[in-house]
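Contents: one structure, followed by commentary.
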Amino acid sequence: MPDLYAMQSDDDAEGDDTYAVRPYAVTGGRVRAASVDLPMEALVETASDPETLRGMTPEKKKILQLAAGQYQSVAELSAHTRLPLGVVRVLVTDLAEENYLRIHTGGTAQDATTHDESGGLSLSILESVLDGIAAL
Amino acid sequence: MASQPSDAPVATATEPSHVAPTVVKIVIAGGFAVGKTTFIGSISDIDPLNTEAAMTEHSVGVDDAGGVTDRKTTTTVAMDFGRIALPGSLWLYLFGTPGQDRFLFMWDDLVRGAIGAVVLVDTERLDQCFPAVDYFEGRGIPFVVCVNCFDGVAKHQLDDVREALGLNPEVPLMYTDAREKAATKQALVAVVQLAMRRIKEK
């Protein structure tokens, strides 16, 4: 996987992340769509080739670059792009619908396999979390 | 949902062969400057990150021309969070709540699916944690209360704090030092144990 950031000479990872437009302009003014149920901790990974990024908005491009070859949560994407959470939710949902990236809600709290019948987190997941924290 | 890209623009050379980690989260609440970010940073694998949620607030007013306007103003609410990778492909996220009470409505989004919460308390400003305690109590979300000992000094007895907060005897209450990983660990362990007890009691 090439370092996509390195391909952007005018844009470093931490620096000048301001956008010239109002935040929700990049979503076409949409505030919520199917994205409303997307947990902020849902993991996202890019499923497309850098070649296909041509002609894409800088915000979407950046999300795809950040999630290329590694899992990123919606919250992390928001932090790294400095776009509000709601904007990232809409963009991520769009990108997933366009098959540019995959959303892994499986394994988050919304997923049945990590849950008991009443919708709470399953005991086995909590046991693993407990052991994991205790061993830190 | 992450459907397989059947007509994806390009075949995916980047597709990882492994399964995505299972994600869990714990919410870190408390008043402004009580040490939430320090607490998260004491144990997070990554430096605490900051995300913003833009809030659009409607306000009706009179514009310069004398006409009534339905104005929208955008406020941003900042949240800090961290991440810890645990064995067994588990990622634990710690989300700090926005400090101000007036953003309590945002917490619904934050706590959805959370294991539980840690409420950090500064005994000098006890009232600041009331909204958090009320919120978690009211929604039946497992929470523990941690008195942050600034400079490592405990200024109040836990029994007094419990009484002042009107805490139910089953709510774990402990001292913590938000700078200390060991203390943070203890607090997180207490939340998970409480969440497990709740499930077992059902």
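Here the protein sequences line up with chains A and B, keeping their order. Per my numbering, residue 87 is the first one in the first sequence, and the count goes up by one each step. Per my numbering, residue 25 is the first one in the second sequence, and the count goes up by one each step. The beta-carbon is built from N, C-alpha and C at its ideal position, and this holds for glycine as well.
Hey, is B:T200's beta-carbon within less than 8 Å of any beta-carbon in chain A?
No, B:T200 does not count as interfacial toward chain A.
Would B:K60 pass as an interface residue toward chain A - the criterion being a Cβ-Cβ separation below 8 Å?
False, the Cβ-Cβ gap to chain A never drops below 8 Å.
Determine the DSSP secondary structure at A:Y157, reduced to helix, strand or coil.
Shown here, A:Y157 sits in coil according to DSSP, grouped into three states, outside any helix or strand.
In three-state DSSP terms, what is B:A202?
B:A202: coil per DSSP, three-state reduction.
Mind pulling the chain A residues with CB within less than 7 Å of B:A77?
Simply P170, L171, G172.
With H, G and I counted as helix, E and B as strand and the rest as coil, what does DSSP make of A:R140?
Coil.
Throw me the rounded Cβ distance for the A:S214 and B:G112 pair, which I believe falls under 8 Å.
Indeed they touch by this definition, with Cβ atoms about 5 Å apart.
Does the Cβ-Cβ distance between A:L163 and A:V178 come in under 8 Å?
A contact, by the Cβ cut-off of 8 Å.
Distance, A:A161 Cα to A:L209 Cα:
A straight line joining the alpha-carbon of A:L209 with that of A:A161 spans about 26 Å.
Does A:V178 come within less than 8 Å of chain B when only Cβ atoms are used?
Closer than 8 Å: no.
Comparing alpha-carbon positions, which option in B:C153, B:D132, B:R149 lies nearest B:V290?
Limits of chain B in this structure are 25 at one end and 226 at the other, which puts residue 290 of chain B out of reach.
Distance, Cα to Cα, A:H190 vs B:A44?
In this structure, the straight-line span from the alpha carbon of A:H190 to that of B:A44 is close to 7 Å.
At a cut of 8 Å, does the stretch 169-177 of chain B reach the stretch 195-209 of chain B through at least three beta carbon pairs?
Yes, the stretch 169-177 of chain B is in contact with the stretch 195-209 of chain B.
Segment limits, alpha helix (DSSP H) that includes B:T61:
Element bounds for B:T61: 60-65.
Step through the CB atoms of chain B and report whether any lies within less than 8 Å of the CB of A:S95.
No answer about A:S95 holds up, because its pLDDT of 40 lies below 50 and its placement is not dependable.
Excluding sequence positions up to five away, which residues of its chain have a Cβ less than 7 Å from the Cβ of B:W131?
Contacts found: T121, Y159.
Is the CB of B:L212 under 8 Å away from at least one CB in chain A?
Yes, B:L212 lies at the interface with chain A (some Cβ there is under 8 Å from its Cβ).
Straight-line gap, B:F63 to A:G141 (C-alpha atoms, nearest Å)
Straight-line Cα distance between these residues: approximately 42 Å.
Alpha carbon to alpha carbon, how far is A:T113 from B:K49? Give it in angstroms, no decimals.
A direct Cα-Cα distance of roughly 27 Å separates B:K49 from A:T113.
Within-8 Å CB hit, A:M142 to chain B
No, A:M142 lies away from the interface with chain B (no Cβ there is under 8 Å from its Cβ).
Once you ignore the five residues that flank A:V130 on each side, which residues in its own chain have a CB closer than 6 Å to its CB?
Taken in chain order, the residues that qualify are A153, Q158, V178, L187, I189.
Could you tell me the distance, in whole angstroms, from the CA atom of B:T208 to the CA atom of B:S66?
Computed Cα separation, rounded: 7 Å.
Compute the distance between the beta-carbons of B:I139 and A:L207, then report whether it is under 8 Å.
Contact flag set, yes.
When the cut-off is 8 Å and only beta carbons count, does B:A207 lie next to chain A?
For B:A207, the answer is no, since every Cβ of chain A falls outside 8 Å of its Cβ.
Can you find a C-beta in chain A that's less than 8 Å from the C-beta of B:S83?
Since pLDDT at B:S83 reaches only 49, below the 50 mark, its modelled position is unreliable, and the value read off the structure follows with that caveat. At least 8 Å separates the CB of B:S83 from every CB of chain A.
Tell me the residue span of the alpha helix (DSSP H) that contains B:G162.
Here the alpha helix (DSSP H) through B:G162 covers 154-163.
Nonlocal neighbours in the same chain, by C-beta distance under 6 Å from B:P72, ignoring five residues either side:
For B:P72, where only same-chain residues beyond five positions count, the Cβ hits under 6 Å are T61, I64, G65, D104, G106.
Is it buried or exposed for B:G164, if we count other Cβ within 10 angstroms and need 16 for buried?
That one is exposed.
In the DSSP output, what is B:R107 paired with across the bridge?
According to DSSP, B:R107 bridges with B:Y117.
Which whole-angstrom value is the C-beta distance of B:G54 and B:L144, which I expect to be below 8 Å?
Contact between B:G54 and B:L144 is confirmed by a C-beta separation of about 3 Å, below the 8 Å threshold.
Report the neighbours of A:L216 on chain B: residues whose CB is nearer than 8 Å to its CB, in chain order.
Contact note: A:L216 reaches chain B through V213, V216, Q217, M220, using a C-beta cutoff of 8 Å and chain order.
Buried or exposed (CB count within 10 angstroms, at least 16 for buried), A:Q151:
Buried, by the Cβ-count rule.
In chain B, what lies closer than 9 Å to A:I219 by C-beta?
Near A:I219 (Cβ distances below 9 Å), the residues of chain B are I67, I108, L110, L116, K209, L212, V213, V216.
Does DSSP classify B:F56 as helix, strand or coil?
Reduced to three states, the DSSP call for B:F56 is coil.
For A:P125, which option in B:V157, B:E187, B:R136 has the closest C-alpha, if you only look at C-alpha atoms?
When each option's Cα is compared against that of A:P125, the closest is B:R136.
Throw me the rounded Cβ distance for the B:D146 and B:V58 pair, which I believe falls under 8 Å.
Contact between B:D146 and B:V58 holds, with the beta-carbon distance rounding to 5 Å and staying under 8 Å.
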